[in-house]
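Peer 1: Mind having a look at this structure? Questions to follow.
Protein chains in written order, with the working numbering: chain A, 193 to 1029; chain B, 871 to 1105.
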C-alpha cells in the first residue's frame, strides 16, 4: 500500500473524528507534560550539582577530603604530590558562608583554591585567574546571586563564616564555563588564602584534588588511602555528585512515582477519547477487510493514526511540560541546599525529552491499536460478540484482582522498597474489580429503581446495562477510580509524612527555650560551627538558667552525607519517641547521656550491618569507637542522621567549637525579654537568636516546601481526571442525541431525559470514584510504609477517611456538574433530528 | 467463470444436530452473467457468499474462480483475492462520514499499489457511469440512501473485479430506488463482463437476474419462473 494512500485515508477519516482526536491529543499531552516536567525537575537538581562539580574540578580524578569544616593541615599537599603517578594536586578550602549585601543576604558555598586548580581544573574554576586585584581580599560569585543581595558591580560586602565577620570585595561575574554555567548556583570562588583568612584557619585545607593517569587509578587510590589513615575521606573527584544523588533519591523516586500515576490518568483521558471513535473505526476496519485489506495494511493505516496522534500530542505535551516546569516544578527541595550547592537553573536533557516523547508515542499506539486488536486479528466476518454474564465475569476477574491485591499486601508487609511495583499491582487489582463493582452498582440501582419507580433512573439503568458502550463506560469509570486512588494515596502519604516530620522537628527544636546560632539559611539544620566566646556573657543574662553547647555537622560516610546532631550532655532526653524506630526510649536516652553510645538511622545501620549494642568505629576526624544504642528515623534528612551527646562529638571530631548555644530559661523569665537581651550580646557577631517556636515554624515551612511538589502533582491529577471524565461523558451524551430524539418521539420529556443522563453519570462516576477512594486508603498505607522503611523518613500512620470521602465527593460532584451542561443541551434535541429528510 | 462444486458448510448447534447452512451446492456462473440466489432468512445465502468471498472455509467441496481454488487460499492470499478479483456490495452502507463520495468510492483502490491521486482519478468515470458525476464532492451524509448504495457499488467495481457479490444490496432502499440501483448494477456488470451473484429475499430484486436459484436449508434448486412471478404478484 502506497504511503500517499495511507495519508489520504487518514485525511479522509479525520474530518469525522476531529473533536475526539483533539480530546485524545489533549489527554496524551497532559501525560507527556507531567512526565516531562517531573523529569526536568529531577535532572535539573542532579545536573546542577554535577555541572558545578565538573566546572570546578574538571578532569581531576580523586579527592582527599576532611570530615569537618576545620579541615586538615596543608602540609599534606606535599605528601600527596609525592605519590607515584600523581600529575597535579590542587588544594581547596571550602566553607559555608553568609554573604550580606546592601539589600539582603545569601548562604553560599565559598570555594577557595589556588592557581593550580584555576589553571588545570574545570572551566568555571578558571575564572579565579581574573581575580587579581593587587592582593585585596576579593571573591567572585554568579552575577544573578550577587544581584539578589543588591550587588551589581564590584563592591564591599560582609562575609560571615561561623561567628567571624569580614568585609570583602565582591566581583559579580557571569561565571560561564565551556560545559557549565553557575548562573543560579549559590557558590563563590576566592583565592585559597582569602577563604582561610575569612574562616580564621590559616594553613588548613578541606580537600585536595588529584589528577593521575586512569591506568594508575588503583595504585594512586591505595596510596591516598594510606595517607588518609582512616581520618580523611578518599574518593572520586565528583564525590559530591554521588552524595547528592543519594540524598535526592527519595525526592526523585516519589516525584517519578506520582508522575507515572498522573501520566496514567492522562493516558486514560486519551483512551476515553479514542474509545469514542472505536465503533466507527471498528466498522471501517471490518469493511476494509471485506474489501481485501490485509491485517498488515490495516495496521499500516492505524499506525499512521497513532504516529500523528503521538507526535502532535508529544509536541504539545513538551510545550505544556515546559510551562509546568517553569511555573510549578521549578522549586528545588530547599532542605537539600543546606548540604549541597544546588542551583536554580533548569537543565533539559535529551533524555528527558526522549523519555516523555516515548511515553506519548506508547500511549498513542496503545490507545489506537488496543481497542481494535480483535477487529484486526479476527477473520473479517461480522459475528455477534461473545456475551459474558456478569456472574461469569466476576468469577474471572475477582480472583485475578484478589491475586494482585495479595501481591500488594506481600509487598506492603515484606518488601515495601518495591512500592512502585505495589502501586502498579494495586492499580491492576482496582481495574479488575471495577467491572464487577459497576455490575453490582447497576443491580443495586435496579432494585432501588423498582421502589422509586422513576422514568429517569429507569432510562439510566438501561443505558448502563447496554453492552454497546460497555468498554467506554468502563474507561470513564476507570479514569475516576485512578484519579481518586492517586489523589487519596498521594495526599494520605504526604499528610503522614508531614505529621511525622513536624513531630520529629518538635522533638529536636523544643529542647531549648532559645537557640543562638550563626546566621544564614544554609544553617537551618545547625551544622555551622563557631568559636565558643560568648557563652559566659549569655549565661550571665537575667532569666537565663543554663547555656548548653549543641554541636552538629554533616558526616560523609560511604555514599551518604549524614546529619549529625550532638545534644548537650546534660540533656537527659536527647531523643524523642517519634524519632526512635527500634530500641527502648528510656535506655537509649540513658546511654546517650552517659556517652560512648550513639543512635543511627535505620537505613545507615542496615547499610553497615550494625545491630543494637554492637561496637564500631565511626569514620570521624578522630576515628572513635561507639556502641549503637538504638535505631532512629532519618529525622527528615533523606540520607540519614546520627544522634550522640555533644561531649562525644568533641572527642570524635577533635573539635570543641559548638554549632549552637541552647539557652534554658529560669522559671517565670520572659522569653521575649531574654531573646532581646541575647540578641544584644551576639547580634553584631553574625549570630541569630531564635525561640523553639520560631525554629519549629521554619522547619514546618521547609517540610511543606519539600512536599509541595506532591501537592502540585495531586492537584494536576485531579484536574486532568475531572476533565477527562467530563469530556468523555459529554462526548458520549452528545453522540446519543439521535436516540434521545427518538425517546422524545416516544413521549419522554426533556426534564426526564436530562435527569436520566445525570443519573447515569452519577452512577458511573460515583462507582469509579468510590472504588478509587477505597483503594487509595490502601495505596497511602503502601506509600507511607515505603517512605518510612526505605528512606527512613519519620511518619505518623493514619487512615485519612475524611480525605478519601472528600476526594471521592469532590471529583464525582465536579465531573457530574460539568457533564450537566452538555446533558442539558443534548436533552433539548429536536424530536425530528433522527428522522430521514 | 465461477464454479461451486459440492460445497458444504455446517455449524455446530446447541441442540446437537449441526446446522447445515450450505449443503452440497454446485453452481457455475460464467463471466458477465447475473445470477440471483433467492431464499428466506436463514436459508444459507449469506454463508454461501462468505464462502465465495473466502471469509470462511468450506467443510468440503471447492470454489473455483478462473481455475483458482479459492477455498485453499491462505489468509493473505484471500485478502489479495478480495482486493483484486472480487467486489462485495453489502446491505449496510458503511460510508465514512465527513468524507466525499469520491474518497469513499476510492477507498478500495487505495489499498492497491496505486497512489491516492491515481485512485481518485480512476474512480471518477465509474461514479459518472453510476450517475454520481454531479455528486462526487458531496460528503457521505449529504447523499441519499440510493446514492450511498451507488457509491458502495463504485467501490466494489473500482478494482475491475471478475466477480461481484451482492448481499441484499437494496435492503435499505425503497422499491423505486432499489430498482434504479439494480438496473445500474446489472448494466454496469454486463458492460464490464463481471459475473454477479446476488443474494436476496426480495423477488423483485431477483427478477433482474439472468438466472434465479432458490436456496432452502442450504440446498440449491433452479427457480421455477412461475414461482417468482407468483412471489412478485404476492409482493
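By construction, the Cβ of each residue, glycine as well, lies at the ideal position given by its N, Cα and C atoms. Bear in mind that the values here come from a model prediction, so they are computed numbers and not experimental data.
Considering only DSSP beta bridges, list what residue 882 of chain A is partnered with.
Peer 2: A:707
Peer 1: Between residue 985 of chain B and chain A, is there a C-beta pair that is closer than 7 Å?
Peer 2: yes
Peer 1: So residue 952 of chain A and residue 655 of chain A are supposed to be a Cβ contact under 8 Å. How far apart are they, rounded?
Peer 2: 5 Å
Peer 1: Using the Cα positions of residue 873 of chain B and residue 1014 of chain B, report the straight-line distance between them to the nearest angstrom.
Peer 2: 36 Å
Peer 1: Give me the Cα-Cα distance between residue 854 of chain A and residue 705 of chain A, rounded to the nearest whole angstrom.
Peer 2: 7 Å
Peer 1: For residue 372 of chain A, is the classification buried or exposed, using 16 other Cβ atoms within 10 angstroms of its Cβ as the cut-off for buried?
Peer 2: The predicted model places residue 372 of chain A with a pLDDT of 47, which falls under 50 and marks its position as unreliable; any figure quoted below should be read in that light. Buried is the call here.
Peer 1: So residue 1085 of chain B packs on residue 912 of chain B, CB below 8 Å; how close in whole Å?
Peer 2: Wrong, their Cβ atoms sit about 10 Å apart, outside the cutoff.
Peer 1: Measure the C-alpha to C-alpha separation of residue 1035 of chain B and residue 925 of chain B and round it to an integer number of angstroms.
Peer 2: Whole-angstrom Cα-Cα distance: 13 Å.
Peer 1: What whole-angstrom Cβ distance do residue 996 of chain A and residue 971 of chain A have, given they're in contact under 8 Å?
Peer 2: Cβ atoms of residue 996 of chain A and residue 971 of chain A stay farther apart than 8 Å, at about 10 Å.
Peer 1: Hey, how far is the Cα of residue 1105 of chain B from the Cα of residue 889 of chain B?
Peer 2: Note that residue 1105 of chain B scores a pLDDT of 49, beneath 50, so its modelled location is shaky; the value from the coordinates is reported in the next line. Roughly 29 Å separates the two Cα atoms.
Peer 1: Compute the Euclidean distance between the alpha carbons of residue 826 of chain A and residue 746 of chain A, then round it to the nearest angstrom.
Peer 2: 13 Å
Peer 1: To which residues of the same chain is residue 473 of chain A closer than 7 Å at the C-beta, ignoring the five residues directly before and after it?
Peer 2: 564
Peer 1: So, with DSSP's three-state summary, where would you put residue 755 of chain A?
Peer 2: strand
Peer 1: Leaving out five residues on either side along the sequence, give the residues of the same chain with a beta carbon under 8 Å from the beta carbon of residue 748 of chain A.
Peer 2: 257, 259, 425, 431, 435 and 754
Peer 1: Roughly how many angstroms separate the alpha carbons of residue 911 of chain A and residue 895 of chain A, rounded to a whole number?
Peer 2: Rounded to whole angstroms, residue 911 of chain A and residue 895 of chain A show a C-alpha spacing of 25 Å.
Peer 1: Within this structure, are the beta carbons of residue 942 of chain A and residue 1020 of chain A separated by less than 7 Å?
Peer 2: yes
Peer 1: What residues from the region 196 to 213 of chain A come within 9 Å of chain B, judged by C-beta to C-beta, listed N to C?
Peer 2: 196, 197, 198, 199, 200, 201, 203, 204, 205, 206, 207, 208, 209 and 210
Peer 1: Taking only the alpha-carbon atoms, compute the straight-line gap between residue 643 of chain A and residue 598 of chain A and give it to the nearest angstrom.
Peer 2: 38 Å
Peer 1: What does a CB cutoff of less than 7 Å around residue 1079 of chain B pick up in its chain, not counting 5 residues either side in sequence?
Peer 2: 904, 905, 906 and 1068
Peer 1: For the region 784 to 792 of chain A against the region 944 to 958 of chain A, do three or more pairs of beta-carbon atoms, one drawn from each stretch, fall closer than 8 Å, so that the two count as touching?
Peer 2: no
Peer 1: At the level of alpha carbons, what is the spacing between residue 355 of chain A and residue 291 of chain A?
Peer 2: 13 Å
Peer 1: Please report the residue range of the alpha helix (DSSP H) in which residue 542 of chain A lies.
Peer 2: 542 to 561
Peer 1: For residue 801 of chain A, is the classification buried or exposed, using 16 other Cβ atoms within 10 angstroms of its Cβ as the cut-off for buried?
Peer 2: exposed
Peer 1: Can you find the residues in the same chain that come closer than 7 Å, C-beta to C-beta, to residue 285 of chain A, ignoring five residues on each side of it along the sequence?
Peer 2: 263, 304, 384, 387, 388, 396, 397 and 398
Peer 1: Which of helix, strand or coil does DSSP assign to residue 1121 of chain B?
Peer 2: No information on residue 1121 of chain B is available, as it lies outside the stretch 871 to 1105 that chain B covers here.
Peer 1: Does the structure place the region 345 to 361 of chain A close enough to the region 411 to 419 of chain A that three or more beta carbon pairs sit under 8 Å?
Peer 2: no
Peer 1: Of the residues that make up the region 934 to 957 of chain B, which ones have a beta carbon closer than 8 Å to any beta carbon in chain A?
Peer 2: 945, 946, 949, 950, 951, 952, 953, 954 and 956
Peer 1: If you draw a straight line from the alpha carbon of residue 976 of chain B to that of residue 1014 of chain A, how long is it in whole angstroms?
Peer 2: 37 Å
Peer 1: In terms of alpha-carbon separation, which member of A:740, A:824 and A:738 lies closest to residue 775 of chain A?
Peer 2: A:824
Peer 1: Specify, as a first and last residue, the run of the alpha helix (DSSP H) that residue 1054 of chain B falls within.
Peer 2: 1045 to 1062
Peer 1: Does the beta carbon of residue 497 of chain A come closer than 7 Å to any beta carbon on chain B?
Peer 2: No, residue 497 of chain A does not count as interfacial toward chain B.
Peer 1: Would you say residue 871 of chain B lies against chain A (beta-carbon separation less than 7 Å)?
Peer 2: no
Peer 1: At least one CB of chain A closer than 7 Å to the CB of residue 1046 of chain B: is that the case?
Peer 2: no
Peer 1: Quick check on residue 1030 of chain B: buried or exposed, where buried means 16 or more other Cβ atoms within 10 Å of its Cβ?
Peer 2: exposed
Peer 1: List the whole-angstrom C-beta distance separating residue 252 of chain A from residue 402 of chain A, where the pair is believed to meet the contact cut-off of C-beta under 8 Å.
Peer 2: Their Cβ separation, rounded to whole angstroms, is 6 Å, which keeps residue 252 of chain A and residue 402 of chain A in contact under 8 Å.
Peer 1: Straight-line CA distance for residue 568 of chain A to residue 250 of chain A?
Peer 2: 57 Å
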